[in-house]
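Here the protein sequences line up with chains A and B, keeping their order. Just so you know, this note's numbering puts 126 at position 117 of the first sequence, and the rest follows in order with no gaps. Just so you know, this note's numbering puts 344 at position 342 of the second sequence, and the rest follows in order with no gaps. Here a beta-carbon is modelled for each residue, glycine too, at the ideal position from N, C-alpha and C. Remember, predicted model here, so these are calculated numbers, not experimental data. Down below is the structure, laid out as structure tokens.
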Amino acid sequence: MYSEKVMDHFQNPRNVGEIEDASGVGTVGNAKCGDIMRMYLDIDDSGIIQECKFKTFGCGAAVATSSMATELVKGKTVQEAMTVTNKAVMEALDGLPPVKVHCSLLAEEAIHAALWDYAQKNGIQIEGLKPPKSDISEGEEEEEY
Amino acid sequence: MKKFIYLDNAATTKTSPEVVEAMLPYFTEKFGNASTVYELGNYSKDAITKSRETIADLLGAKAEEIYFTAGGSESDNWALKATAEAYRSKGNHIITSKIEHHAILHTCEYLEKNGFEVTYLDVDEFGRIRLEDLKKAIRPTTILISIMFANNEIGTIEPVREIGEIAKEHGILFHTDAVQAFGQVPISVDDDHIDMLSASGHKLHGPKGIGFLYIRKGVKIRSFIHGGAQERKRRAGTENVPAIVGLGKAVELAKANMETKIRQESELRDYLIQRVLKEVPYTRLNGDPKKRLPNNANFCFQFIEGESLLILLDMKGICGSSGSACTSGSLDPSHVLLAIGLPHEIAHGSLRLTLDMETTKEEIDFVVDTIKESMDRLRSMSPLYEDFIKKQQ
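Dropping the structure here:
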């Protein structure tokens, strides 16, 4: 059901872990729907993301999207990191099964939440960045069958 | 093909070689339609009769009370919808439980949309319904009680005999979904006061696509599939003779092996449960510790999510299942695990392993070792575990 890339990122996740005194930390998702993602960013003085680590409670797709998201934002400026959308993460993973698309949304939210934390701490504004939602599943409705 | 350690026997079982062998002649040699007059058709007719008698015998029922269907879901649908229709003049209330299979729950929801009222009984922490709740739920309009014999996820065996007694006292029909229990544990339709019982072939080493509904003589339920006169005019359609023969053979084997199977499986199951609970911290057993199916073990591992565990097990050739949302296709974890009172985040970390007579101790040891490795890996990347450890310090 998963692409080879998803399986690779699940089996060999990149950048698992924590960053002590991180420039920004964001936790999104909720245990109710079974996915929690935490993203740590280490951002240097010129606003470049030097290091990115994650911890995820969730399914195979959740782990793989977190792993891919960390790869994609590493080395980017905070503004460039805004281009790492859920679509970009999905494309980089050669797609996800339809029921797993919300995992990629979670990855995007996690990056944004960590950037938000960084922006708040440093009193800066990042264009297009909104405060993180408290619950990623808000607005989603269960399908009728 | 790759060799697997197959611990998902509640999902389906391997068709026994003896079953396949018994079925084969009914494809290419004895292929006649059982409704014909010539000798070739008689082979089929006789085979169907024999299979029906074997099944009836295991339940203590009469052969003419066994109606072949395409499987458990059809049997459940038939039992509920046709009873509802036939007894509508008497009342419109049905009692079931919150932990039934979706074949029952979704049928009940359908009936609710069509003017019926359904009470979904709560269960206790082990997944057993409370008889007091059942008694209280009974109304003058109650026409049917449908409670599963044993739960497919957590393996808990319901107090079927007591439920049957209560139903009988009140003159209410009692249906039980015995898909997981039939052929695994002894069932007597008379002693347990069962009026209707659903079962499926592929859960007991028979073929897929065949099952039956036991309907006690005198219960007036209508035809579900209209057409020819097969199955005493109650279930039309040319009989699936090879599958019926296969089911008969599977039941014959289940009967012959039941005692040994129960002993072997429960012994290994208890060994598995003990090792996991002892060696994997922050783990709980789901379901009744004693009154459970001999082959069922169901755990919740804290701080991890079931699907990722299943993938790690699959990488080592181990087949199991989970009640996490990610495996159900919705955002909610298993309704059974929620009904026994587990919070969502715990329910997401469930693993069900269902054994078979062929399962070995070596396999169980390998599985437990793999679970331990996987747990270390998943917990080390879990933010929930990180928070938990930090709180402890």
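From LEU386/B, ALA58/B, ILE145/B, MET260/B, pick the residue whose C-alpha is nearest to that of GLY1/B; which is it?
Nothing about residue 1/B can be read from this structure; chain B reaches only from 3 to 395.
For LYS139/A, count the other beta carbons within 10 Å of its own beta carbon; 16 or more makes it buried, fewer makes it exposed. Which is it?
exposed
Does any residue of chain B have a CB that is nearer than 8 Å to the CB of GLY148/A?
Note that GLY148/A scores a pLDDT of 39, beneath 50, so its modelled location is shaky; the value from the coordinates is reported in the next line. Chain B contact via Cβ: absent.
Say whether chain A places a C-beta atom closer than 8 Å to the C-beta of GLU388/B.
yes
Can you tell me which of the three DSSP states THR51/B falls into?
helix
Could you tell me the alpha carbon to alpha carbon distance between GLY1/B and PHE33/B, rounded to whole angstroms?
In this structure chain B extends from 3 to 395, so residue 1/B is not present and cannot be described.
Which same chain residues end up closer than 7 Å to TRP125/A when comparing Cβ atoms and leaving out the 5 residues on each side of it in sequence?
GLY35, LEU138, PRO140, PRO141
I'd like to know if the stretch 114–125 of chain B and the stretch 257–271 of chain B are in contact, where contact means that at least 3 CB-CB pairs between them fall below 8 Å.
no
My guess is that SER336/B and GLU309/B are in contact by the Cβ rule of under 8 Å, so how many angstroms apart are they, rounded?
Rounded, the Cβ-Cβ distance is 12 Å, inconsistent with contact.
Residues of chain B with a CB under 8 Å from the CB of CYS61/A: which are they?
Against chain B, the beta carbon of CYS61/A has no neighbour under 8 Å; the closest one sits roughly 14 Å away.
Residues of chain A with CB closer than 8 Å to the CB of PHE305/B, please, in chain order.
PHE66
Using 8 Å for Cβ pairs, my map puts GLY74/B next to VAL221/B. What's the rounded Cβ distance?
Wrong, their Cβ atoms sit about 19 Å apart, outside the cutoff.
Pick from MET359/B, ALA341/B, VAL369/B, THR362/B: whose alpha carbon is nearest that of LEU353/B?
VAL369/B
Is the Cβ of GLU102/B closer than 8 Å to any Cβ of chain A?
no
For a quick check, are the C-beta atoms of PHE305/B and ARG381/B less than 8 Å apart?
PHE305/B places its beta carbon less than 8 Å from that of ARG381/B.
If you follow the beta strand (DSSP E) that ASP44/A is in, where does it begin and where does it stop?
Taken as a continuous stretch (DSSP letters only), the beta strand (DSSP E) holding ASP44/A covers 44–52.
With distances taken Cα to Cα, identify the nearest neighbour of GLU307/B among ILE373/B, ASP272/B, MET359/B.
ILE373/B
Skipping 5 residues on each side, what residues in its chain have a beta carbon closer than 7 Å to that of GLY229/B?
ALA238, GLY239
At a cut of 8 Å, does the stretch 10–17 of chain B reach the stretch 193–205 of chain B through at least three beta carbon pairs?
yes
Less than 7 Å between C-beta atoms, sequence neighbours within five positions excluded: which residues of the same chain meet that for GLN109/B?
At residue 109/B the sequence reads Thr, which differs from the Gln that was named. So the list reads ASP78, ASN79, LEU82, LYS83, once near-sequence residues are dropped.
What in chain B is Cβ-close to LYS41/A, meaning under 7 Å?
Residues of chain B passing the Cβ test: HIS346.
What separation, rounded to the nearest whole angstrom, lies between the Cα atoms of GLU31/B and LEU114/A?
Distance between the alpha carbons of GLU31/B and LEU114/A is about 58 Å.
With a cut-off of 8 Å on the beta carbons, I'd call GLY211/B and ILE57/B a contact; round off their distance for me.
Not quite, the Cβ-Cβ distance comes to about 16 Å (not below 8 Å), so this is no contact.
Can you tell me which residues form a DSSP beta bridge with TYR45/B?
In DSSP, TYR45/B forms no bridge with anything.
Against chain B, which members of the stretch 111–139 of chain A pass a CB distance test of less than 7 Å?
none
If distances are taken between C-alpha atoms only, which option among GLY104/A, ASP51/A, PHE63/A, MET99/A comes closest to ALA128/A?
ASP51/A
Can you tell me whether TYR40/B is buried or exposed? The criterion is at least 16 other CB atoms within 10 Å of its CB, across all chains shown.
exposed
Answer yes or no: does any C-beta atom of chain A fall closer than 8 Å to that of SER18/B?
no
Chain A beta carbons: is any one of them nearer than 8 Å to that of GLY209/B?
It should be pointed out that residue 209/B corresponds to Pro in this sequence rather than to Gly. By this cut-off, PRO209/B is not an interface position.
On the DSSP bridge assignment, give the partners of ASP10/B in chain order.
Residue pairing of ASP10/B in beta bridges, as defined by DSSP: THR356/B.
So within the stretch 163–216 of chain B, which uninterrupted beta strand (DSSP E) runs reach at least 3 residues, ignoring any that extend past its ends?
175–179, 198–202
When we look at the beta-carbon of HIS350/B and count the other beta-carbons within 10 Å, is it buried (16 or more) or exposed?
Flag for HIS350/B reads buried.
In the DSSP assignment, what are the bridge partners of ASN94/B?
BP columns for ASN94/B are empty, so no partner.
Exposed or buried, which one is LYS96/A when buried takes at least 16 other CB atoms within 10 Å?
Result: exposed.
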